[in-house]
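S.K.:
Protein chains: 2
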Amino acid sequence: MAQGSGRGGSSAAPRSVDVARLAGVSQKTVSRVFNDEPYVSAEVRRRVLEAAGQLGYRLNNAARALASGRTRSIGVVTLGTALYGPASLLMGVERAVRDTGYALRVVNTMEGDPAGVAGAVDSLLDQGVDGIVISEPIDEDGHDKDVSIGLDVPVLVVGAPPPFTAPRVLVAGVGADLMARTATEHLLDLGHLTVHHLAGPQRWYAARDRREGWRSALAAQGIDRPPVVEGDWSAASGYAAGRELAADADMTAVFAANDDMAIGLIRALTEAGRRVPHDVSVVGFDDIPVAAYVTPPLTTVRQPFDAVAQQGLKRLVHCIENPQADPLPTSDPPVDLVVRASTAPPPPRTTPGHGRRTDSRPYGDPQGPPPLIGGASDPH
Amino acid sequence: MAQGSGRGGSSAAPRSVDVARLAGVSQKTVSRVFNDEPYVSAEVRRRVLEAAGQLGYRLNNAARALASGRTRSIGVVTLGTALYGPASLLMGVERAVRDTGYALRVVNTMEGDPAGVAGAVDSLLDQGVDGIVISEPIDEDGHDKDVSIGLDVPVLVVGAPPPFTAPRVLVAGVGADLMARTATEHLLDLGHLTVHHLAGPQRWYAARDRREGWRSALAAQGIDRPPVVEGDWSAASGYAAGRELAADADMTAVFAANDDMAIGLIRALTEAGRRVPHDVSVVGFDDIPVAAYVTPPLTTVRQPFDAVAQQGLKRLVHCIENPQADPLPTSDPPVDLVVRASTAPPPPRTTPGHGRRTDSRPYGDPQGPPPLIGGASDPH
DNA sequence: CATAGACATGACAGCGCAGTCATACGGGCA
DNA sequence: TGCCCGTATGACTGCGCTGTCATGTCTATG
Numbered sequence: 001m002a003q004g005s006g007r008g009g010s011s012a013a014p015r016s017v018d019v020a021r022l023a024g025v026s027q028k029t030v031s032r033v034f035n036d037e038p039y040v041s042a043e044v045r046r047r048v049l050e051a052a053g054q055l056g057y058r059l060n061n062a063a064r065a066l067a068s069g070r071t072r073s074i075g076v077v078t079l080g081t082a083l084y085g086p087a088s089l090l091m092g093v094e095r096a097v098r099d100t101g102y103a104l105r106v107v108n109t110m111e112g113d114p115a116g117v118a119g120a121v122d123s124l125l126d127q128g129v130d131g132i133v134i135s136e137p138i139d140e141d142g143h144d145k146d147v148s149i150g151l152d153v154p155v156l157v158v159g160a161p162p163p164f165t166a167p168r169v170l171v172a173g174v175g176a177d178l179m180a181r182t183a184t185e186h187l188l189d190l191g192h193l194t195v196h197h198l199a200g201p202q203r204w205y206a207a208r209d210r211r212e213g214w215r216s217a218l219a220a221q222g223i224d225r226p227p228v229v230e231g232d233w234s235a236a237s238g239y240a241a242g243r244e245l246a247a248d249a250d251m252t253a254v255f256a257a258n259d260d261m262a263i264g265l266i267r268a269l270t271e272a273g274r275r276v277p278h279d280v281s282v283v284g285f286d287d288i289p290v291a292a293y294v295t296p297p298l299t300t301v302r303q304p305f306d307a308v309a310q311q312g313l314k315r316l317v318h319c320i321e322n323p324q325a326d327p328l329p330t331s332d333p334p335v336d337l338v339v340r341a342s343t344a345p346p347p348p349r350t351t352p353g354h355g356r357r358t359d360s361r362p363y364g365d366p367q368g369p370p371p372l373i374g375g376a377s378d379p380h
Numbered sequence: 001m002a003q004g005s006g007r008g009g010s011s012a013a014p015r016s017v018d019v020a021r022l023a024g025v026s027q028k029t030v031s032r033v034f035n036d037e038p039y040v041s042a043e044v045r046r047r048v049l050e051a052a053g054q055l056g057y058r059l060n061n062a063a064r065a066l067a068s069g070r071t072r073s074i075g076v077v078t079l080g081t082a083l084y085g086p087a088s089l090l091m092g093v094e095r096a097v098r099d100t101g102y103a104l105r106v107v108n109t110m111e112g113d114p115a116g117v118a119g120a121v122d123s124l125l126d127q128g129v130d131g132i133v134i135s136e137p138i139d140e141d142g143h144d145k146d147v148s149i150g151l152d153v154p155v156l157v158v159g160a161p162p163p164f165t166a167p168r169v170l171v172a173g174v175g176a177d178l179m180a181r182t183a184t185e186h187l188l189d190l191g192h193l194t195v196h197h198l199a200g201p202q203r204w205y206a207a208r209d210r211r212e213g214w215r216s217a218l219a220a221q222g223i224d225r226p227p228v229v230e231g232d233w234s235a236a237s238g239y240a241a242g243r244e245l246a247a248d249a250d251m252t253a254v255f256a257a258n259d260d261m262a263i264g265l266i267r268a269l270t271e272a273g274r275r276v277p278h279d280v281s282v283v284g285f286d287d288i289p290v291a292a293y294v295t296p297p298l299t300t301v302r303q304p305f306d307a308v309a310q311q312g313l314k315r316l317v318h319c320i321e322n323p324q325a326d327p328l329p330t331s332d333p334p335v336d337l338v339v340r341a342s343t344a345p346p347p348p349r350t351t352p353g354h355g356r357r358t359d360s361r362p363y364g365d366p367q368g369p370p371p372l373i374g375g376a377s378d379p380h
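The listed protein sequences derive, respectively, from chains A and B.
Heads up: the first sequence begins at 1 in our numbering, then just goes up one per residue.
Heads up: the second sequence begins at 1 in our numbering, then just goes up one per residue.
In structure tokens, the structure reads:
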């Protein structure tokens, strides 16, 4: 229909019949070649490929999807932010998807979007996908709690517990709780009596996870938990939190739920005369690209986005292609604490207030370990 | 085929015929309703929608694409990095695409990928898209120069000149050259005699653009250009460049092609005893989220990613849906220089070496304007 | 030498929709 | 009254591919 002109036309994308005719085989054989099906002789395969190349033939995906019932594409639901974590995860997913031979469809859920994750999933189902990846979902007002997937499409949830009612759900944890715990323990090991926590917005599962890791590290040692300060991931919110925390003279260590907030926090502390890491140690989370170069270089935790995405997608694809089979096992990603110069032992407690050192070295030149740049403890 | 079972089955996605039967209309009428075609009475439309809701019907996109020849999706080619610029642009594109009613397919080109942009475009064409957005392409060895799009699919190139041979190409500039020029002029206006440039990798058009803006600002005032130092966008490369530049005692101002490099640069200068902004002023590019909170808060240029993406997509969609019509006009995005505390007038030149001030205020407390946080000159 | 099996290919139907055309109805206008 | 046009609907076809099954050829084996 679209193309009413008779056979004579020279434009119009070539179809598999055209290739078949040119190669002197049946249309079905062309299909076999392009799907790597068995039982095609080398000679015929060669002829078909040559004819295809000559005509500039490419498989029509729509027809393929219609006939086979599979779209060979995977949908991803992401937050619509350029935040380092979500963005990195998305890139990891893209890389991983490409390896699997599937195509990628992307849909955002804007924060505050009433439709939320459910709407995004719906739109992916409309578009037609064989599997869905939900990356770091947030829990808008608790309403997303029970997103149910009507269709029998497997879902991979990354970085969150499964709040989804669906026939087949996989979970790929980035192990944020464990990593947060490691970060907190690092501070305790340095001798800090307790560790404050600058949390992310608790609507985010990722933020809750990190808080939980912090909580469990303190709980394991029977340490009381100072009140949690909550930010919104932004450096601005970290700055605001820092002004608040700076007032607490006993505060010597903070675990921030991401690097941006840690940087804002450090700035506020510095302005308030609390030196980092002299007076206060700060650990971030993410290892954003500039973390090693801010002042002081930030001790932080690096998330294995690529590894998580790759493993998760392998499992998702397995689940798509072997609907009955058991899901592949999952292995925990490694924890990677990057120790730089924003953490140090706490100041001596004999004299309350400032420590005994009165040298005038500016904050820009911390006395702790020298800035680690691309060195042994800054693997890359 | 896929489904051999007779009519009796209760699962299997409902088709438009099923809806038609239930609503007592023809299949074609259901199609009309779902495509908002004219000539459907209100009563029939209501009945169809009700039946569809009852059955949980959703249009089958593959069939639709096959029958109509349009996939209603747009492909994006991005670099596979979580760098702030590309990531923000991608998010902007996602938001904009959603508004247009198209779906989004995403493909990365990894840096160093021999196939490069051409391969990514090819894979999108394989997948079937009605339009393509190429976001901040890079020019791998100059080989990408002439990516030609065989199919008659309109292409929108963002942030680069059009190196593409295609029937229909649109360009959406982020105006990086103009912005770079503004940044450079800001430094000259402060009294700096010249401005050094820490460039991005010149394979990137974005990096070339910024260098060109810097060049033209100096050229306009007849100022000699110091040699360009080239980094790779990373803070590490900025740091390395900083060590190099710090040796040049005459150097008082640097325009860095992105914020990450600016931050690494500042760290290196600070370690070398060159205070920012006392001794050296630094301007970054991008306005990454932490830019206002590093030490010193970074003067930088904010790119209007959302505006560019939105306008570009509007034009692309127009081009898709009106193949013959003239492309929509383009308007230049606004330049947004965010002045913070990393720039100041140059030190007095009477005494070579350090300026006249000897006060011992640490760098963390710059004498320039106070850190601007969420204030008037930090609009957000 | 007959025959089962592995291999190689083709004929045919139909996936679920949108395009085209035919048809039927109702009112304004000559 | 008859005609035409705008409206509303349906029958039919085919988009380009893949699944199923039939068919044909060749080799190994009893």
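Glycine residues also receive a C-beta, built at the ideal position from the N, C-alpha and C atoms.
#1: Between residue 12 (chain A) and residue 322 (chain B), what straight-line distance do the alpha-carbon atoms span, to the nearest angstrom?
#2: Rank A:245, A:70 and A:303 by C-alpha distance to the C-alpha of residue 273 (chain A) and give the top, closest one.
#3: Judging by CA-CA distance, which residue of A:130, A:48, A:77 and A:278 is the nearest neighbour of residue 19 (chain A)?
#4: Per DSSP, residue 385 (chain A) is paired with what?
#5: The beta strand (DSSP E) spanning residue 305 (chain B) covers which residue range?
#6: Ends of the alpha helix (DSSP H) at residue 47 (chain B)?
#7: Secondary structure at residue 108 (chain B), three-state DSSP: helix, strand or coil?
#8: Less than 8 Å between CB atoms is the rule here; does residue 332 (chain A) satisfy it with respect to chain B?
#9: Can you check whether the C-beta of residue 19 (chain A) is within less than 8 Å of a C-beta belonging to chain B?
#10: Please name the residue in A:184, A:269 and A:230 whose C-alpha comes closest to that of residue 424 (chain A).
#11: Just to confirm, is the Cβ distance from residue 92 (chain A) to residue 285 (chain A) under 8 Å?
#12: Tell me whether residue 266 (chain B) sits in a helix, a strand or coil according to DSSP, three-state version.
#13: With H, G and I counted as helix, E and B as strand and the rest as coil, what does DSSP make of residue 156 (chain B)?
#14: What is the rounded straight-line gap between the Cα of residue 37 (chain B) and the Cα of residue 28 (chain B)?
#15: The ligand PLP and residue 135 (chain B): does the residue's C-beta get closer than 7 Å to at least one heavy atom of that ligand?
#16: Show which residues of chain B have a CB atom less than 8 Å away from the CB atom of residue 81 (chain A).
#17: For a contact meaning CB atoms closer than 7 Å, what does residue 71 (chain A) contact in chain B?
#18: Would residue 6 (chain B) be called buried (16 or more neighbouring beta carbons within 10 Å of its own) or exposed?
#19: Can you list the residues of chain A that residue 341 (chain B) reaches, using a CB-CB cut of under 9 Å?
#20: Any beta carbon of chain B sitting closer than 8 Å to that of residue 95 (chain A)?
#21: Could you check the C-alpha separation between residue 17 (chain B) and residue 22 (chain A) for me, to the nearest Å?
#22: Can you list the residues of chain A that residue 234 (chain B) reaches, using a CB-CB cut of under 7 Å?
#23: Taking DSSP as the reference, what is the three-state secondary structure of residue 244 (chain B)?
#24: State the Cα-Cα distance for the pair residue 206 (chain A) and residue 180 (chain B), rounded to the nearest angstrom.
#25: Which term fits residue 353 (chain B), buried or exposed, when burial requires 16 or more other beta carbons within 10 angstroms of its beta carbon?
#26: Do we get a CB-CB distance below 8 Å when we pair residue 98 (chain A) with the residues of chain B?
#27: Can you tell me the Cα-Cα spacing of residue 170 (chain B) and residue 315 (chain B), whole angstroms?
#28: For residue 198 (chain A), list the residues DSSP reports as bridge partners.
#29: Determine, for residue 128 (chain A), whether the minimum Cβ-Cβ distance to residues of chain B falls below 8 Å.
#30: Can you tell me the Cβ-Cβ gap for residue 116 (chain A) and residue 109 (chain A), rounded? I've got them flagged as a contact below 8 Å.
#31: Give me the Cα-Cα distance between residue 212 (chain B) and residue 35 (chain A), rounded to the nearest whole angstrom.
#32: Going straight from the alpha carbon of residue 287 (chain A) to that of residue 259 (chain A), what length do you get?
#33: Do residue 190 (chain A) and residue 345 (chain A) have their beta-carbon atoms positioned less than 8 Å apart in this structure?
#34: Could you spell out the range, first to last residue, of the alpha helix (DSSP H) harbouring residue 20 (chain B)?
#35: Cβ of residue 178 (chain A) less than 8 Å from any chain B Cβ?
#36: Thinking C-alpha only, which one of A:301, A:138, A:69 and A:129 is nearest residue 161 (chain A)?
M.R.: So, from the listed chains and residues:
#1: Start at 1 with the first residue of the first sequence, and residue 12 (chain A) comes out as number 12. Start at 1 with the first residue of the second sequence, and residue 322 (chain B) comes out as number 322. Cα to Cα, the separation comes out at about 18 Å.
#2: The sequence position of residue 273 (chain A) within the first sequence is 273, counting from 1. Closest option to residue 273 (chain A), Cα to Cα, is A:245.
#3: The count along the first sequence starts at 1 and reaches residue 19 (chain A) at position 19. With distances taken between Cα atoms, residue 19 (chain A) lies closest to A:48.
#4: The requested residue 385 (chain A) is not part of the displayed model; chain A covers only 1 to 380.
#5: Residue numbering aside, residue 305 (chain B) sits at position 305 when the second sequence is read from its first letter. Segment 305–321 is the alpha helix (DSSP H) holding residue 305 (chain B); no beta strand (DSSP E) there.
#6: In the second sequence, counting from the first residue as 1, residue 47 (chain B) sits at position 47. It spans 42–55 - the alpha helix (DSSP H) in which residue 47 (chain B) sits, taken as one unbroken run.
#7: Position 108 of the second sequence holds residue 108 (chain B). Residue 108 (chain B): strand per DSSP, three-state reduction.
#8: The residue you call residue 332 (chain A) lines up with position 332 of the first sequence. Chain B, which has no Cβ nearer than 8 Å to the Cβ of residue 332 (chain A), makes this no.
#9: For this step, residue 19 (chain A) is matched to residue 19 along the first sequence. It does not; no Cβ of chain B falls within 8 Å.
#10: No statement about residue 424 (chain A) is possible, as the shown extent of chain A runs from 1 to 380 and does not include it.
#11: Position 92 of the first sequence holds residue 92 (chain A). Position 285 of the first sequence holds residue 285 (chain A). Cβ atoms of residue 92 (chain A) and residue 285 (chain A): not closer than 8 Å.
#12: For the purposes of this step, residue 266 (chain B) is identified with residue 266 of the second sequence, where counting begins at 1. DSSP places residue 266 (chain B) in helix when its eight states are reduced to three.
#13: The residue you call residue 156 (chain B) lines up with position 156 of the second sequence. It is a strand residue.
#14: Within the second sequence, numbered from 1, the residue matching residue 37 (chain B) stands at position 37. Within the second sequence, numbered from 1, the residue matching residue 28 (chain B) stands at position 28. If you take the alpha carbons of residue 37 (chain B) and residue 28 (chain B), they lie about 11 Å apart.
#15: Although the ligand PLP was asked about, the structure shown includes no ligands whatsoever.
#16: As a position in the first sequence, residue 81 (chain A) is number 81, starting the count at 1. Neighbours of residue 81 (chain A) on chain B, chain order: 91.
#17: Working through the first sequence from its first residue, we reach residue 71 (chain A) at position 71. Under the 7 Å cutoff, chain B gives 62.
#18: Within the second sequence, residue 6 (chain B) is the residue found at index 6, counting from 1. Confidence is the limiting factor: at residue 6 (chain B) the pLDDT is only 30, short of 50, which leaves the residue's position unreliable, though a coordinate-based value still follows. So residue 6 (chain B) counts as exposed.
#19: In the second sequence, residue 341 (chain B) corresponds to position 341, counting from 1. Within 9 Å Cβ-Cβ: nothing; residue 341 (chain B) doesn't reach chain A, min ~11 Å.
#20: Here residue 95 (chain A) refers to the residue found at position 95 of the first sequence. Taking Cβ atoms only, chain B reaches closer than 8 Å to residue 95 (chain A), which makes this a yes.
#21: Sequence index remark: in the second sequence, residue 17 (chain B) carries index 17 (1-based). Sequence index remark: in the first sequence, residue 22 (chain A) carries index 22 (1-based). Computed Cα separation, rounded: 38 Å.
#22: As a position in the second sequence, residue 234 (chain B) is number 234, starting the count at 1. Residues of chain A passing the Cβ test: 289.
#23: For the purposes of this step, residue 244 (chain B) is taken as the residue at position 244 of the second sequence. Correct three-state label for residue 244 (chain B): helix.
#24: Here the question's residue 206 (chain A) lines up with position 206 in the first sequence. Here the question's residue 180 (chain B) lines up with position 180 in the second sequence. Whole-angstrom Cα-Cα distance: 37 Å.
#25: Residue mapping note: residue 353 (chain B) aligns to position 353 of the second sequence, counting from 1. Unreliable placement is indicated for residue 353 (chain B), whose pLDDT of 43 sits below 50; no coordinate value is reported for it.
#26: Taking the first residue of the first sequence as 1, we reach residue 98 (chain A) at position 98. Cβ-Cβ to chain B under 8 Å: yes for residue 98 (chain A).
#27: To locate residue 170 (chain B), count along the second sequence from 1; it is residue 170. To locate residue 315 (chain B), count along the second sequence from 1; it is residue 315. Their Cα atoms are separated by approximately 8 Å.
#28: As a first step, residue 198 (chain A) must be located in the first sequence, where it is residue number 198. In DSSP, residue 198 (chain A) forms a bridge with A:229 and A:256.
#29: Position 128 of the first sequence holds residue 128 (chain A). At least one chain B Cβ lies under 8 Å of residue 128 (chain A).
#30: Within the first sequence, residue 116 (chain A) is the residue found at index 116, counting from 1. Within the first sequence, residue 109 (chain A) is the residue found at index 109, counting from 1. Rounded, the Cβ-Cβ distance is 6 Å, consistent with contact.
#31: On the second sequence, residue 212 (chain B) is found 212 positions in, with the first residue counted as 1. On the first sequence, residue 35 (chain A) is found 35 positions in, with the first residue counted as 1. About 48 Å.
#32: Looking up residue 287 (chain A) in the first sequence gives position 287. Looking up residue 259 (chain A) in the first sequence gives position 259. Computed Cα separation, rounded: 7 Å.
#33: Counting from 1 along the first sequence, the entry for residue 345 (chain A) is found at position 345. Counting from 1 along the first sequence, the entry for residue 190 (chain A) is found at position 190. Yes, the pair counts as a contact, with Cβ atoms nearer than the cut-off.
#34: Along the second sequence, one-based indexing puts residue 20 (chain B) at 20. Per DSSP, residue 20 (chain B) belongs to the alpha helix (DSSP H) from 16–23.
#35: Against the first sequence, residue 178 (chain A) aligns to sequence position 178. False, the Cβ-Cβ gap to chain B never drops below 8 Å.
#36: Taking the first residue of the first sequence as position 1, residue 161 (chain A) is located at position 161. Checking every option, the nearest Cα to that of residue 161 (chain A) belongs to A:138.
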